[in-house]
């Protein structure tokens, strides 16, 4: 989730570039993928919720430290990768009312454009971490069920 989802996506890109280890899949739950922090949803959510554009900028600054923004490696900010082909099957889910919405949609779209396998869920009205904030809500239940179904399909697939 969040920064952890971004780390997982970066590891998948790194594993692809190093030709291993082979990853069966990646589940990215409202991942933090793009240090540029300039998406429409980022601007739209400024001042809204627990993780808005300002908090996101602070998070990226702490994560990247002294790295200059024009030198950010793709493994730290996977949305910067020019090529998203060859990634393992990817599950992405994100709330419609959160900072990461547009960068997550763009990431899934870029995987599809490369011929990759991505399943994207955009949860209506979901804020960042909605399933942890309101675990008994119908939306949270639906999100957990979608994750379980994807994992069940993924793990039911024979490994070459």
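Residue numbers (our numbering): -10 to 149.
Beta carbons are placed, not taken as given, at the ideal position from N, Cα and C, and that holds for glycine.
Could you give the distance in angstroms between the alpha-carbon of residue i and the alpha-carbon of residue j?
i, j, result
"residue -10", "residue 71", "23 Å"
"residue 50", "residue 63", "16 Å"
"residue 69", "residue 99", "11 Å"
"residue 131", "residue -4", "25 Å"
"residue 175", "residue 47", "It is not possible to answer for residue 175, since the shown part of the chain is limited to -10 through 149."
"residue 44", "residue 86", "15 Å"
"residue 41", "residue 34", "6 Å"
"residue 81", "residue 107", "7 Å"
"residue 32", "residue 118", "18 Å"
"residue -1", "residue 84", "21 Å"
"residue 6", "residue -7", "20 Å"
Does any heavy atom of the ligand GDP sit closer than 6 Å to the C-beta of residue i?
i, result
"residue 68", "Absence of the ligand GDP is noted for the structure shown, with no ligands found whatsoever."
Taking the DSSP output, what are the residues bridged to residue i?
i, result
"residue 107", "79"
"residue 85", "According to DSSP, residue 85 bridges with nothing at all."
"residue 17", "81"
"residue -9", "20"
"residue 112", "84"
Just tell me which of the options has its CA closest to the CA of residue i.
i, options, result
"residue 141", "66, 64 and 13", "13"
"residue 95", "10, 28 and 136", "28"
"residue 2", "33, 78, 136 and 54", "78"
"residue 135", "41, 36 and 109", "109"
"residue 4", "67, -8 and 52", "67"
Check your understanding: Counting Cβ pairs, one atom from each stretch, are 3 or more of them under 8 Å apart for the region 49 to 69 and the region 22 to 35?
Key -> yes
Check your understanding: Taking contact to mean at least 3 C-beta pairs separated by less than 8 Å, is the region 11 to 18 in contact with the region 84 to 92?
Key -> no
Point to revise | Start-end ranges of the beta strand (DSSP E) lying completely within the region 30 to 84, minimum 3 residues | key: Fully enclosed beta strand (DSSP E) runs of 3 or longer: 79 to 84.
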